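Heads up, the thing below is written out as structure tokens.
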Amino acid sequence: MTSVLVKDVSLNFGTVEVLKKMNLEVQQGEFIVLLGPSGCGKSTLLNCIAGLLDVSAGQIFINGKNVTWEEPKDRGIGMVFQSYALYPQMTVEGNLSFGLKNARLPRDEIAKRIARAAEILQIQPLLQRKPAALSGGQRQRVAIGRALVRDVDVFLFDEPLSNLDAKLRAELRVEIKRLHNQLANTMIYVTHDQIEAMTLADRIAVMRGGVIQQFASPKEIYNRPVNLFVAGFIGSPGMNFLDGEIADGSFATDGVRIPLSRYETAAPPASGTKVTFGIRPEHVALNSGADWPFSARVKVDVVEPMGSDSLVWTKLGRHNLAVRVPTERMPSTGDMVEIGFDPMRASLFDAAEGLRL
Amino acid sequence: MADVRAAAVGQADPVVAGLVEPSGPRPRRALSRRNIVIYGTLLLFSVYYLMPLYVMIVTSLKGMPEIRFGNVFAPPVEITFEPWVKAWSTACTGLNCDGLSRGFWNSVRITVPSVIISILIASVNGYALANWRFKGANIFFTILIVGAFIPYQVMIYPIVIILREMGVYGTLTGLVIVHTIFGMPINTLLFRNYFASVPEELFKAARVDGAGFWAIYFRIMLPMSLPIFVVSMIIQVTGIWNDFLFGVVYTRPETYPMTVQLNNIVNSVQGVKEYNVNMAATLLTGLVPLVIYFISGKLFVRGIAAGAVKG
Amino acid sequence: MATDASRRPNSLFRNLNAKIASIPMIFTALVVFVGGTIWTVVYSFTNSRLLPRLNFVGLDQYERLWTTPRWIASIQNLLIYGTLSLIFSLLIGFLLAALLDQKIRFENTFRTIILYPFALSFIVTGLVWQWLLNPDFGVQHFVRSLGWETFTFNPLYDQSIVIYGILIAGLWQGTGLVMCLMLAGLRGIDEDIWKAARVDGIPMWKTYLFIVIPMMRPVFVTTLVIIASGIVRIYDLVVAQTSGGPGFASEVPAKYVYDYMFSAQNLGQGFAASTMMLLTVMIVVVPWAYLEFGGRNKRG
């Protein structure tokens, strides 16, 4: 069943088009991440769904009801903000109950909901404290609690973890995932952090310039990016890109020829087409001894140990090429090494449009 | 907004109901109750704030007979600039009848050096406080800031004595010193906060490069603090131009600044009251700060937000 | 680097240039502010008349001060004017700031209109309102000429309400500043707080009352201190608008001080009165300064 439906939504601030005829369909219980660089419109889209921003055109449905003109409180959503937005002079309990009291809910119902939220989020000992006396992680939990007590079907998260340090972020990430498993609500989550997106999402919408570039599962987005932007944005360290052209069913650049016979494509591109060939560092093997469809002997320029893995920088023709290897197999600078990969794992984009071939 | 939606729901005809299916921005009426309240209140207050300016201008352009028989709010039937000329060049204070022009030039001669000296000193103070924290500097700064709240009346007489000892009591030099002293707290605070916000690395890099106190001040800090100089200048020019108390205490009638002279012209008990000349004189005195205000716009706001301490 | 042997400079000469540059500041702080204040307080216990003389008479000047009807009237006026001015400027200032904060059109125009009187001097303010409140030509005359013959609004010539006439002028000049400070405070409030309140379905007035205003407490306190210390000093406005009259119905302490020091040639009285003013300001400022700067660790 469709939980949230964004239909042809556009948003203009003056002459600036922030969202361009956006369409998004979210199923009941799905965890959707809106991912993109800053200024791509992801937070704007979330604010439109919440009703905090008026759309310029289009419609928004939540649970089958057209809520385009509804106030945020009537849309059946709860929202968690980046800056937590806790009411500073109220206790945690006051923060959780303020909206409910205002909606004139019976007292025992309010108490019940707060107790439940406090239990789920394990903030019972904090209920009488004020936000100033809480740590960042605790504040974030209270902010989630405020959405939780509203007893709604759709949760909206606006970069909820970006004010926290890396360790806490990883912890709360797991907790949010656990929360989703437990509640099975629809969640729409905005972030610019691709790790958060990959780990949390059922589906990711990668956005850029007010347009959704690709809306698919994390696996699909990682393995089969639809265009150069998505390919470059997802993955860390980033994908290697080689510019060249098609020659007799192979990719050719600076005397390097990579056979494309194993590359899955609907229509093989014609010879002479200018293309960009992309391969992730983790998909290139180093000194594996195996028989790869493509292999070459190259010299190691720089090595970057990153803990468990290391990044080995070499050159393929004039292009820099990064290879990711386990640190124990890290070569030294200046070594000649054998690299190899299977073009099946690569991505091929036409150079003019940047679209996947 | 609510009734629009209610009407849609109430429609029996599904086709019509379908037509008003919510889409795009929420329907808003320009004359919603909310807008009427907001703009109505603001307009009402605008009348309160603008009325005196309007009346000043209108009165100053009327002849006396028209003032006597008309009402203050009526625009002038016959525009005359006579009151302005008279206010500027022949209005009398006591026995002197050479108009406000003398006060104007006195004010200029007071304001220009006061502004320059007070800003220079305050900026050096702020720089020393922000970047060269020497022992005890903060104590002096705290005294300075607390001093900004001490009523001037407490310090007026001791300053009279100091100026008299220096031999500058009653001169423009004396008044310039007084303005420099009383402009110091707010402007020092302003500059200190500004210089403190300059990345410290810049200052450290200059020191590593061997620049000293004055070299860093003139070569690095000054060039990058133009905006704060402008803000400080706005505070000082308007503050000094508008001063009355120091003018009346520390100068003699022939060196009275414009505000003091204006008050003497308008509130003099001799002769027939010429309201049009009075209002022209008042406008003339208010003109300098008004012009600064309208030109500087946002910077003025920044100045008072930062310099509200002056009170 | 190692060429120059490490000579340890005398601590007095460390930062020497900074110290030299700070001499005007040190002079102002120590001699004028501290020295001048102490001087005035000390001489308030003497019977100085035309010239300051160190002839101590104990609290005589203060006893005389508090039995002088003109001083009592000044203090009463200051209390009435001060209380009303505080209440109204905070109320009006906040109201206007809140209205301007509604993402309205012409925000800059309205702000310019509200703030411009603040650029004008109290002398100009006083004289304009003297003219507007002139019973024969101003507002009263205008309303009567519209047909309401018995309309009476004549504060500047009516002892019992003259202070309200000054209040109207004072508010006209000063509310723009309060509006500006309040607007800055409102703009400093996290946008997400408003969004959260909207998602929670809190009505606008409740959001202001229970969330935003409590969050703006520091702004209110600072504004309060600024207005209050300005009120104690009120002088030029009264001089220009009423000269303290009619009678001494609009006298204020600052004017009392000036008149006794420079016209009545009774320095001792002037010193005692100005010391009382100092005391009033200290009652307001010291607790605030302590809370603001003293309690917590010093910043910078």
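Residue numbers (our numbering), protein chains in the order written: chain P, 1236 to 1592; chain W, -13 to 297; chain Z, 74 to 373.
Using N, Cα and C, we set each Cβ at its ideal position, and we do this for glycine too.
Please read these numbers as outputs of a predicted model, since none were measured by experiment.
Original post:
Nearest-angstrom Cα distance between ALA3 (chain W) and THR1421 (chain P)?
Top reply: Taking the second sequence and counting its residues from 1, one reaches residue 3 (chain W) at position 17. Taking the first sequence and counting its residues from 1, one reaches residue 1421 (chain P) at position 186. The predicted position of ALA3 (chain W) is uncertain, since its pLDDT is 44 and thus under 50; a value taken from the coordinates is nonetheless stated next. Each residue's alpha carbon lies about 30 Å from the other.
Subject >> Under 7 Å between C-beta atoms of ALA1557 (chain P) and LEU1546 (chain P) >> reply: Counting from 1 along the first sequence, the entry for residue 1557 (chain P) is found at position 322. Counting from 1 along the first sequence, the entry for residue 1546 (chain P) is found at position 311. Cβ atoms of ALA1557 (chain P) and LEU1546 (chain P): closer than 7 Å.
Subject >> Interface partners of PHE1333 (chain P) on chain Z, CB under 8 Å >> reply: In the first sequence, counting from the first residue as 1, residue 1333 (chain P) sits at position 98. Those within 8 Å of PHE1333 (chain P) in chain Z are ASP273, ILE275 and PHE283.
Subject >> LEU1287 (chain P) to VAL272 (chain Z) span [Cα, whole Å] >> reply: Reading the first sequence from its first residue, position 52 is the one you call residue 1287 (chain P). Reading the third sequence from its first residue, position 199 is the one you call residue 272 (chain Z). So the two alpha carbons sit approximately 8 Å from each other.
**OP:** Pick out whichever of P:LEU1246, P:MET1565 and P:GLY1484 has its Cα sitting closest to the Cα of ARG12 (chain W).
**Re:** Here residue 12 (chain W) corresponds to residue number 26 of the second sequence, with the count starting at 1. Of the listed residues, the one whose Cα sits closest to ARG12 (chain W) is P:LEU1246.
Original post:
Just the Cα atoms here: how many angstroms apart are PHE280 (chain W) and PHE286 (chain W)?
Top reply: The residue you call residue 280 (chain W) lines up with position 294 of the second sequence. The residue you call residue 286 (chain W) lines up with position 300 of the second sequence. Answer to the nearest angstrom: the Cα atoms are 9 Å apart.
Original post:
In chain order, what residues of the same chain lie with their CB nearer than 8 Å to the CB of PHE67 (chain W), ignoring the 5 residues before and after it?
Top reply: By one-based count along the second sequence, residue 67 (chain W) stands at place 81. Excluding positions up to five away in sequence, the list reads LEU47.
Original post:
If you measure beta-carbon to beta-carbon, which residues of the stretch 7 to 40 of chain W are closer than 8 Å to chain P?
Top reply: GLU7, PRO8, SER9, GLY10, PRO11, ARG12 and PRO13
Subject >> Exposed unless 16 or more other CB atoms sit within 10 angstroms - verdict on SER194 (chain Z) >> reply: Residue numbering aside, residue 194 (chain Z) sits at position 121 when the third sequence is read from its first letter. Buried.
Subject >> Between the CA atoms of PRO144 (chain W) and PRO152 (chain Z) - distance to the nearest angstrom >> reply: Here residue 152 (chain Z) refers to the residue found at position 79 of the third sequence. Here residue 144 (chain W) refers to the residue found at position 158 of the second sequence. Correcting the residue type first, residue 152 (chain Z) is Leu in the shown sequence and not Pro. Approximately 28 Å between the Cα atoms of the pair.
Subject >> Residue from P:VAL1377, P:ALA1451, P:VAL1244 and P:ALA1502 whose Cα sits closest to the Cα of GLN1294 (chain P) >> reply: As a working note, residue 1294 (chain P) is residue 59 in the first sequence. Residue P:VAL1244 is the option with its Cα nearest to GLN1294 (chain P).
Original post:
Can the beta-carbon of ILE1481 (chain P) be found less than 7 Å from the beta-carbon of PHE1576 (chain P)?
Top reply: Mapped onto the first sequence, residue 1481 (chain P) falls at position 246. Mapped onto the first sequence, residue 1576 (chain P) falls at position 341. Contact flag unset, no.
Subject >> Assigned secondary structure, TYR1424 (chain P) (DSSP; H/G/I helix, E/B strand, else coil) >> reply: In the first sequence, residue 1424 (chain P) corresponds to position 189, counting from 1. Strand.
**OP:** Select from the stretch 1298 to 1317 of chain P all residues with a C-beta closer than 7 Å to any C-beta belonging to chain W, and list them in chain order.
**Re:** ASN1301, THR1303 and TRP1304
Original post:
What residues in the stretch 148 to 175 of chain Z have a beta carbon less than 7 Å from any beta carbon of chain P?
Top reply: none
Original post:
Who pairs with PHE1576 (chain P) in a beta bridge, going by DSSP?
Top reply: Reading the first sequence from its first residue, position 341 is the one you call residue 1576 (chain P). For PHE1576 (chain P), which the question treats as bridged, DSSP gives the partners P:PHE1529.
Subject >> Within 9 Å of chain Z by C-beta, residues of the stretch 115 to 127 of chain W in sequence order >> reply: LEU115, ALA116, ASN117, TRP118, ARG119, PHE120, LYS121, GLY122, ALA123, ASN124, ILE125, PHE126 and PHE127
Original post:
So what's THR296 (chain Z) in DSSP terms, helix, strand or just coil?
Top reply: Here residue 296 (chain Z) corresponds to residue number 223 of the third sequence, with the count starting at 1. Helix, per DSSP.
**OP:** Give the straight-line distance between the Cα atoms of PHE199 (chain W) and ASN117 (chain W), rounded to the nearest whole angstrom.
**Re:** In the second sequence, counting from the first residue as 1, residue 199 (chain W) sits at position 213. In the second sequence, counting from the first residue as 1, residue 117 (chain W) sits at position 131. Using only the alpha carbons, I get a separation of about 9 Å.
Original post:
Under 7 Å Cβ-Cβ, which residues of chain Z neighbour LEU1287 (chain P)?
Top reply: One-based indexing of the first sequence puts residue 1287 (chain P) at position 52. Residues of chain Z passing the Cβ test: LYS268 and ARG271.
Subject >> Contact with chain P by MET74 (chain Z), beta-carbon distance below 7 Å >> reply: As a working note, residue 74 (chain Z) is residue 1 in the third sequence. With a pLDDT of 42 at MET74 (chain Z), under the threshold of 50, the modelled position of that residue is not reliable, and the figure given next carries that caveat. MET74 (chain Z) does not count as touching chain P.
**OP:** Give the secondary structure of GLN232 (chain Z) by DSSP, where H, G and I count as helix, E and B as strand, and everything else as coil.
**Re:** For the purposes of this step, residue 232 (chain Z) is taken as the residue at position 159 of the third sequence. In this structure, GLN232 (chain Z) counts as coil in the three-state DSSP scheme.
Subject >> Supposed contact pair MET265 (chain W) and THR45 (chain W) - C-beta distance, whole angstroms, cut 8 Å >> reply: If you number the second sequence from 1, residue 45 (chain W) lands on position 59. If you number the second sequence from 1, residue 265 (chain W) lands on position 279. With 8 Å as the limit, THR45 (chain W) and MET265 (chain W) qualify as a contact, their Cβ atoms being about 4 Å apart.
Original post:
Are the beta-carbon atoms of GLN246 (chain Z) and ASN227 (chain Z) separated by less than 7 Å?
Top reply: To locate residue 246 (chain Z), count along the third sequence from 1; it is residue 173. To locate residue 227 (chain Z), count along the third sequence from 1; it is residue 154. No; because the gap between Cβ atoms is not below 7 Å, this pair is not in contact.
**OP:** Write down the C-beta distance between LEU1254 (chain P) and ILE1423 (chain P) rounded to the nearest angstrom, noting that I regard them as a contact closer than 8 Å.
**Re:** As a working note, residue 1254 (chain P) is residue 19 in the first sequence. As a working note, residue 1423 (chain P) is residue 188 in the first sequence. About 15 Å; that fails the 8 Å criterion.
**OP:** Please specify which runs of the beta strand (DSSP E), each continuous and at least 3 residues long, are wholly inside the stretch 34 to 72 of chain W, giving them in chain order.
**Re:** none
Original post:
Would a C-beta distance cut-off of 7 Å place ALA242 (chain Z) and TRP202 (chain Z) closer than the cut-off?
Top reply: For this step, residue 242 (chain Z) is matched to residue 169 along the third sequence. For this step, residue 202 (chain Z) is matched to residue 129 along the third sequence. Yes, they are a contact pair.
**OP:** Could you list which residues in chain W have their beta carbon closer than 9 Å to that of GLN1294 (chain P), in chain order?
**Re:** The count along the first sequence starts at 1 and reaches residue 1294 (chain P) at position 59. Simply GLU7, PRO8, SER9 and GLY10.
**OP:** Tell me, to the nearest whole angstrom, how far the beta carbon of ILE1574 (chain P) is from that of VAL1538 (chain P); I am working on the premise that it is less than 8 Å.
**Re:** On the first sequence, residue 1574 (chain P) is found 339 positions in, with the first residue counted as 1. On the first sequence, residue 1538 (chain P) is found 303 positions in, with the first residue counted as 1. Incorrect: roughly 14 Å between the Cβ atoms, too far for contact.
Original post:
Hey, how far is the Cα of SER1278 (chain P) from the Cα of ALA1285 (chain P)?
Top reply: By one-based count along the first sequence, residue 1278 (chain P) stands at place 43. By one-based count along the first sequence, residue 1285 (chain P) stands at place 50. The alpha-carbon atoms of SER1278 (chain P) and ALA1285 (chain P) are separated by roughly 10 Å.
Original post:
Taking Cβ positions only, does ASN1247 (chain P) come closer than 7 Å to chain Z?
Top reply: Position 12 of the first sequence, counted from the start, is the residue given in the question as residue 1247 (chain P). Judged by the 7 Å Cβ criterion, ASN1247 (chain P) is not in contact with chain Z.
**OP:** Give the secondary structure of GLY1552 (chain P) by DSSP, where H, G and I count as helix, E and B as strand, and everything else as coil.
**Re:** Start at 1 with the first residue of the first sequence, and residue 1552 (chain P) comes out as number 317. GLY1552 (chain P) falls in the coil class under three-state DSSP.
Original post:
Any residues in the stretch 297 to 329 of chain Z with a beta carbon nearer than 7 Å to a beta carbon of chain W? Which ones, in chain order?
Top reply: ILE299, SER302, GLY303, VAL305, ARG306, TYR308, ASP309, VAL312, ALA313, SER316 and ALA327
**OP:** Please decide whether PRO291 (chain Z) counts as near chain W, where near means a Cβ-Cβ distance under 7 Å.
**Re:** Your numbering for residue 291 (chain Z) matches position 218 in the third sequence. No, because no Cβ of chain W sits closer than 7 Å to the Cβ of PRO291 (chain Z).
Subject >> Proximal residues to ILE307 (chain Z) (C-beta, below 6 Å), its chain only, five neighbours per side dropped >> reply: By one-based count along the third sequence, residue 307 (chain Z) stands at place 234. The answer, listed in chain order, is VAL325.
Original post:
Quick one: Cα of ALA146 (chain Z) to Cα of PHE177 (chain W), how far?
Top reply: Position 73 of the third sequence holds residue 146 (chain Z). Position 191 of the second sequence holds residue 177 (chain W). Going from the Cα of ALA146 (chain Z) to the Cα of PHE177 (chain W) covers about 41 Å.
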